[in-house]
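When we follow the UniProt record's numbering, the leftmost residue of the sequence shown carries the number 1, and every step to the right adds one.
Just so it is clear, CB atoms sit at the ideal spot from N, CA and C, and this is done for glycine as well.
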Amino acid sequence: MNKRLALEVRGAAKRFGPVTAVDDVSFTVPVGEVVALLGPNGAGKTTLLDMILGFTTPDAGSIKVLGGSPASSARRGDVGAMLQSGGLLKDLTVAETLRMLAVCHESTLDVDGVIESAGLADFADRKVGACSGGQVQRLRFAAALLPDPELLILDEPTAGMDATARREFWRTMHAEAEGGRTIVFATHYLAEADDFADRLILIRDGAIVVDGRLDELVRNGDKTVTGTWIAAEAPVEVARALGLDADAVTVDGDSVAFTVPDGDALALHLLSNGMIRDIEVHARTVEKLFFELTGADAGDGSLT
1 MNKRLALEVR
11 GAAKRFGPVT
21 AVDDVSFTVP
31 VGEVVALLGP
41 NGAGKTTLLD
51 MILGFTTPDA
61 GSIKVLGGSP
71 ASSARRGDVG
81 AMLQSGGLLK
91 DLTVAETLRM
101 LAVCHESTLD
111 VDGVIESAGL
121 ADFADRKVGA
131 CSGGQVQRLR
141 FAAALLPDPE
151 LLILDEPTAG
161 MDATARREFW
171 RTMHAEAEGG
181 RTIVFATHYL
191 AEADDFADRL
201 ILIRDGAIVV
211 DGRLDELVRN
221 GDKTVTGTWI
231 AAEAPVEVAR
241 ALGLDADAVT
251 VDGDSVAFTV
261 PDGDALALHL
271 LSNGMIRDIE
281 VHARTVEKLF
291 FELTGADAGD
301 GSLT
């Protein structure tokens, strides 16, 4: 039996003059899944989120949210969004802001309960203008939770939070996910995607370059075999004899590294033929995978 889809994107494209911001993007998100959306600056993530939320329409393709249009799902309160932009009235308190927003929805969760679950209780009576960046982010999160949405869209949800606040935020998000809420979030913290998401969608130049579970992507990637070379034959010649490209081998004195799809088989071959000692086989790390796909460091500010 097919699982109900929270999100269905088919061939979505968006252009701004000569620039293609989103290029023939297709993916689905089943209800209850947690998906991380990553990519370098200008990759098209924000434009994609805008289309999912109904802020703009695709020039080609289609997007369905919980079986309906993005706009109708938003009107019903089926989708909650936590965005980086959007004005909040600085003279209202945190609690007053949420009570005002609650009036805009046909039905909402209990405001006091949302304040508690979003970690706002300690500063609920503080004016928004006096809140820190991280506290404002928590307020945006609480506002997204108010209509009790089936689908949460989060754009850089921990921006402005310190390490402690980020941990507390994701603790709250774990509880929401365990309750069955579908979550799609954009982040430039690869560790957040690795720790929290069921699945990673990586976008570059407006197109999806990776869509899968992080553990599977890492496990299925190349492995690196390292050790001390003791054979008379040069490592590059051995590589060529095995049908490998010369650039799969790195040599530094008597230290050698082979980067190959089947590292275990290569290690066994080299050992059994007495070509190498002090051998180690390393799986591709999440950080290395990310660098290979984007050319950017996993935790630097070049990602959004």
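Exercise for the section: Classify L89 as buried or exposed, calling it buried when 16 or more other Cβ atoms lie within 10 Å of its own Cβ. Expected result: Counting from one through the sequence shown, the residue named residue 89 turns up at place 89. Its Cβ having fewer than 16 others within 10 Å, L89 is exposed.
Practice task
Quick one: grab the DSSP three-state call for D245.
Solution key: Sequence index remark: in the sequence shown, residue 245 carries index 245 (1-based). Looking at D245 - three-state DSSP - the assignment turns out to be coil, as it is neither helix nor strand.
Exercise for the section: Identify which residue in R240, E150, F291 has its Cα closest to the Cα of V209. Expected result: As a first step, residue 209 is located in the sequence shown; it is residue number 209 there, counting from the start. Taking only the C-alpha atoms, the option nearest V209 is F291.
Practice task
Put D300 into one of helix, strand or coil per three-state DSSP.
Solution key: Here the question's residue 300 lines up with position 300 in the sequence shown. Unreliable positioning characterises D300 in this predicted model, as indicated by a pLDDT of 42, which lies under 50. A coordinate reading is not provided.
Problem - Distance between G243 and R204 (C-alpha atoms, nearest Å) - result: Sequence index remark: in the sequence shown, residue 204 carries index 204 (1-based). Sequence index remark: in the sequence shown, residue 243 carries index 243 (1-based). Taking the straight line from one Cα to the other gives about 31 Å.
Exercise for the section: Using the Cα positions of G42 and N273, report the straight-line distance between them to the nearest angstrom. Expected result: On the sequence shown, position 42 is the one that residue 42 refers to. On the sequence shown, position 273 is the one that residue 273 refers to. Looking at the two C-alpha atoms, the distance is approximately 49 Å.
Problem - 6 Å CB neighbourhood of G160 in its chain, flanking five on each side removed - result: Here residue 160 refers to the residue found at position 160 of the sequence shown. Contacts found: G133, G134, Q137.
Practice task
Flag this pair as yes or no: are the beta carbons of Y189 and T158 separated by less than 9 Å?
Solution key: For the purposes of this step, residue 189 is identified with residue 189 of the sequence shown, where counting begins at 1. For the purposes of this step, residue 158 is identified with residue 158 of the sequence shown, where counting begins at 1. Yes. Within cutoff.
Exercise for the section: Would you mind stating whether L66 and L7 have Cβ atoms separated by less than 9 Å? Expected result: To locate residue 66, count along the sequence shown from 1; it is residue 66. To locate residue 7, count along the sequence shown from 1; it is residue 7. Yes, the pair counts as a contact, with Cβ atoms nearer than the cut-off.
Practice task
Note the first and the last residue of the continuous alpha helix (DSSP H) segment covering H174.
Solution key: As a working note, residue 174 is residue 174 in the sequence shown. Looking at the DSSP string, the run of the alpha helix (DSSP H) that includes H174 is 163-178.
Practice task
Assuming F258 contacts A248 (C-beta within less than 8 Å), just tell me the rounded distance between them.
Solution key: Translated into positions along the sequence shown, residue 258 becomes position 258. Translated into positions along the sequence shown, residue 248 becomes position 248. The Cβ separation is near 6 Å, so the contact holds.
Practice task
Report yes if the CB atom of L152 is closer than 9 Å to the CB atom of V184, and no otherwise.
Solution key: In the sequence shown, residue 152 corresponds to position 152, counting from 1. In the sequence shown, residue 184 corresponds to position 184, counting from 1. Cβ atoms of L152 and V184: closer than 9 Å.
Practice task
Let me know the secondary structure DSSP gives L151 once reduced to three states.
Solution key: In the sequence shown, residue 151 corresponds to position 151, counting from 1. Reduced to three states, the DSSP call for L151 is strand.
Practice task
From the DSSP output, in three-state form, read off E106 for me.
Solution key: Within the sequence shown, numbered from 1, the residue matching residue 106 stands at position 106. Reduced to three states, the DSSP call for E106 is coil.
Handout entry: Burial state of V128, where buried means 16 or more other Cβ atoms lie within 10 Å
Key = On the sequence shown, residue 128 is found 128 positions in, with the first residue counted as 1. Counting Cβ neighbours within 10 Å, V128 comes out buried, since at least 16 surround it.
Problem - Cut-off 7 Å between Cβ atoms - residues of its own chain near A143, not counting five sequence neighbours on either side - result: Along the sequence shown, one-based indexing puts residue 143 at 143. Around A143: L98, L101.
Practice task
Taking only the alpha-carbon atoms, compute the straight-line gap between R181 and W170 and give it to the nearest angstrom.
Solution key: The residue you call residue 181 lines up with position 181 of the sequence shown. The residue you call residue 170 lines up with position 170 of the sequence shown. Each residue's alpha carbon lies about 14 Å from the other.
Handout entry: Continuous beta strand (DSSP E) assignments of at least 3 residues falling wholly in the stretch 191-216
Key = 199-204, 207-212
Practice task
Inspect the beta-carbon positions of V238 and L270 and report whether they are closer than 9 Å.
Solution key: Position 238 of the sequence shown, counted from the first residue, corresponds to residue 238. Position 270 of the sequence shown, counted from the first residue, corresponds to residue 270. Yes. Within cutoff.
Problem - G263 burial status per 10 Å Cβ neighbour count (16 or more: buried) - result: Stepping through the sequence shown from its first residue, residue 263 is reached at position 263. It is buried - the Cβ of G263 has at least 16 other Cβ atoms within 10 Å.
Exercise for the section: Provide the residue(s) that pair with V25 in DSSP beta bridges, ordered along the chain. Expected result: Mapped onto the sequence shown, residue 25 falls at position 25. DSSP lists A12 as partners of V25.
Exercise for the section: Express the C-alpha separation of E216 and A12 in angstroms, rounding to a whole number. Expected result: What you label residue 12 is simply residue 12 of the sequence shown in a count that begins at 1. What you label residue 216 is simply residue 216 of the sequence shown in a count that begins at 1. Computed Cα separation, rounded: 26 Å.
Exercise for the section: Have a look at R199, R166, A177, L154 and flag the residue whose alpha-carbon is nearest the alpha-carbon of A186. Expected result: Reading the sequence shown from its first residue, position 186 is the one you call residue 186. Considering only alpha carbons, the answer is L154.
Exercise for the section: Can you grab the Cα-Cα spacing for the pair D78 / D148, in whole Å? Expected result: For the purposes of this step, residue 78 is taken as residue 78 along the sequence shown, with counting starting at 1. For the purposes of this step, residue 148 is taken as residue 148 along the sequence shown, with counting starting at 1. Rounded to the nearest angstrom, the two C-alpha atoms are 7 Å apart.
Practice task
Could you spell out the range, first to last residue, of the beta strand (DSSP E) harbouring residue 305?
Solution key: Absent from the structure is residue 305, since the part of the chain shown begins at 1 and ends at 304.
Problem - Residues that E280 bridges to, as DSSP identifies them - result: In the sequence shown, counting from the first residue as 1, residue 280 sits at position 280. Per DSSP, T226.
Handout entry: Rounded separation between D300 and A232 - CA only
Key = Taking the first residue of the sequence shown as position 1, residue 300 is located at position 300. Taking the first residue of the sequence shown as position 1, residue 232 is located at position 232. Here D300 scores only 42 on pLDDT, less than 50, and its place in the model should not be relied on; the value that follows carries that caveat. Their Cα atoms are separated by approximately 43 Å.
Problem - D252 versus W229: straight-line alpha-carbon distance, rounded - result: The residue you call residue 252 lines up with position 252 of the sequence shown. The residue you call residue 229 lines up with position 229 of the sequence shown. For D252 and W229, the distance between alpha carbons rounds to 10 Å.
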